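Peer 1: Numbering follows our numbering, with no gaps: position 223 of the sequence shown is 235.
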Amino acid sequence: MKLIKEMFMGLHKSALFSCFIHVTALVSITGCASIEEFPNTEVKNISKYKTHQNQNGISIAIDLFHEEARLKQFFGTDLLSYGYLPVNVIIKNTANQFLLVERGNFSLLDVDKGEVVDISPSSAGSPFKKKLSDLQDLATINTMLTLSILSLPNIILQPYEAHIRGVMQNINAKALYDRSISYNELHHGFIYLDLKKMDFSNNDVILKINIKNLTTGETHAFFFGINAANTGGRIKQIKNKLEGIKDET
Numbered sequence: 013m014k015l016i017k018e019m020f021m022g023l024h025k026s027a028l029f030s031c032f033i034h035v036t037a038l039v040s041i042t043g044c045a046s047i048e049e050f051p052n053t054e055v056k057n058i059s060k061y062k063t064h065q066n067q068n069g070i071s072i073a074i075d076l077f078h079e080e081a082r083l084k085q086f087f088g089t090d091l092l093s094y095g096y097l098p099v100n101v102i103i104k105n106t107a108n109q110f111l112l113v114e115r116g117n118f119s120l121l122d123v124d125k126g127e128v129v130d131i132s133p134s135s136a137g138s139p140f141k142k143k144l145s146d147l148q149d150l151a152t153i154n155t156m157l158t159l160s161i162l163s164l165p166n167i168i169l170q171p172y173e174a175h176i177r178g179v180m181q182n183i184n185a186k187a188l189y190d191r192s193i194s195y196n197e198l199h200h201g202f203i204y205l206d207l208k209k210m211d212f213s214n215n216d217v218i219l220k221i222n223i224k225n226l227t228t229g230e231t232h233a234f235f236f237g238i239n240a241a242n243t244g245g246r247i248k249q250i251k252n253k254l255e256g257i258k259d260e261t
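#1: From K142, R82, K208, V113, pick the residue whose C-alpha is nearest to that of A233; which is it?
#2: Report the option in L254, Q249, H200 whose CA atom is closest to the CA atom of S71.
#3: Going by the C-beta, is Y94 closer than 8 angstroms to any heavy atom of the ligand HEM?
#4: In chain order, which continuous runs of the beta strand (DSSP E) of length 3 or greater are located wholly inside the region 62-92?
#5: Taking its Cβ as the centre, do 16 or more other Cβ atoms sit within 10 Å of E49, making it buried, or is it exposed?
#6: Taking only the alpha-carbon atoms, compute the straight-line gap between F86 and E80 and give it to the nearest angstrom.
#7: What first and last residue would you give for the alpha helix (DSSP H) that runs through R246?
#8: Going by Cα to Cα distance, which pick from M210, K253, K186, I203 is closest to N52?
#9: Tell me whether N105 is buried or exposed, calling it buried when 16 or more other Cβ atoms sit within 10 Å of its Cβ.
#10: According to the neighbour-count rule (16 or more other Cβ atoms, all chains shown, within 10 Å of its Cβ), is P98 buried or exposed?
#11: Alpha carbon to alpha carbon, how far is Q109 from T63? Give it in angstroms, no decimals.
#12: Does T228 pass the burial test, meaning 16 or more other C-beta atoms within 10 Å, or should it be called exposed?
#13: For V217 and N252, what's the separation of their Cα atoms in angstroms?
#14: Measuring straight from C-alpha to C-alpha, what distance separates I221 and S46?
#15: Does the beta-carbon of N196 have 16 or more other beta-carbons within 10 angstroms, so that it is buried, or is it exposed?
#16: Determine the DSSP secondary structure at Y189, reduced to helix, strand or coil.
#17: Going by other Cβ atoms of all chains shown within 10 Å of its Cβ, with 16 needed for buried, is I235 buried or exposed?
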């Protein structure tokens with residue numbers, strides 16, 4: 013009788029321990045690790061940018077983020093290696109009129125083919141959504157398969173998950189949003205160009221930005237050439253790698 017009682021107590025403790033381990037694992041998966049944050053991008057005087065253009069009091073400049081170090085500093089990862097070129101668009105209204113900035117009025121032009129490619133503002137986060145999904149699947153597998161050291165792998169994964177969530181949040185937070193701009197206002201934010209939609213085979217890729225003057229109803233078009241050669245060749249190298257083309261440089 014005593015032996016049966018000891019066996020029962022042992023099983024009872026084992027069940028409690030197993031339950032404790034599973035609860036610990038769940039806490040480690042959904043724990044309170046803070047989402048990683050990244051610094052805001054600095055914007056200098058708009059006239060100091062080499063790409064600066066002005067039409068009827070509308071000043072625009074673009075700043076390509078293609079350097080690995082700068083991408084990691086402000087985005088937490090090398091976005092270009094995932095196939096997305098972040099472009100900071102800086103707009104200043106020096107006209108005594110209201111302007112409208114809409115991402116739907118941004119497009120890529122292929123001069124040779126005569127094509128216009130729409131720019132999706134949200135696609136840059138796609139690779140990280142996949143990473144996050146894979147990470148959550150891995151944590152679930154750990155929870156199901158591991159017993160005594162179940163919480164350990166998930167605790168290790170937790171900071172990585174916080175980093176990925178931080179990257180995704182940062183991409184959205186830094187994105188250019190639609191708004192009207194009054195006199196002397198400055199507005200800036202990022203658009204994320206998909207390298208797969210950019211053809212550098214012959215000429216520059218042309219970024220077209222339309223700004224609407226809400227006072228007069230006119231639309232002003234700005235054109236910016238994006239030359240892969242002027243970025244140290246990094247854009248072209250990564251594009252070729254993503255498309256499985258051997259780099260001959």
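From the three backbone atoms N, C-alpha and C, an ideal C-beta is built for every residue, glycine too.
Owing to the predicted nature of the structure, the values given are computational and were not obtained by experimental measurement.
Peer 2: Well, looking at it:
#1: That would be V113, whose Cα lies nearest to the Cα of A233.
#2: H200
#3: The ligand HEM is not part of the structure shown, which contains no ligands of any sort.
#4: 65-67, 70-76
#5: exposed
#6: Going from the Cα of F86 to the Cα of E80 covers about 10 angstroms.
#7: 246-254
#8: K186
#9: Answer is buried; the Cβ neighbour count reaches 16.
#10: buried
#11: Using only the alpha carbons, I get a separation of about 23 angstroms.
#12: exposed
#13: Using only the alpha carbons, I get a separation of about 16 angstroms.
#14: The alpha-carbon atoms of I221 and S46 are separated by roughly 37 angstroms.
#15: exposed
#16: coil
#17: The amino acid occupying residue 235 in the given sequence is Phe; Ile does not appear at that position. Answer is exposed; the Cβ neighbour count stays below 16.
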